[in-house]
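Under this note's numbering, the first residue of the sequence shown is numbered 1, with each subsequent residue one higher.
For every residue, glycine included, the Cβ atom is placed at its ideal position computed from N, Cα and C.
These numbers were taken from a predicted model, which means no experiment stands behind them.
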Amino acid sequence: MESYSGRILVEDACGTRFYVHEYRGRRTFFRTRRYMLDTGESVRHVDDRTFVIERTGETLVRVGEE
């Protein structure tokens, strides 16, 4: 079961801003997190400030959180 956790404002190298949406779930005993852009593309969380678009490898940097 997944639940919407919130959105994170990120910025690419050109300064374009996007929202990354965080979904939290649970599988058996493990907690899972899934991240997606507004466009539906899957995003990987690298560290506290960095995300990477899985399909293109483009790096996004956290600007703010809501």
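Helix, strand or coil at residue i [DSSP, three-state]
i	result
T28	coil
E58	coil
G64	strand
C-beta atoms of residue i and residue j nearer than 7 Å
i	j	result
V46	L9	no
Y68	D38	Because the chain is modelled from 1 through 66, residue 68 falls outside the range shown and cannot be assessed.
E11	V43	no
G25	E2	yes
Those residues which DSSP pairs with residue i across a bridge
i	result
V20	I8 and L37
R44	V52
Indicate whether the contact test is met: 3 or more Cβ pairs, each with one atom in the region 23-32 and one in the region 46-56, closer than 8 Å. A contact between stretches requires three or more CB pairs, one per stretch, nearer than 8 Å, and the region 23-32 fails this requirement with the region 46-56.
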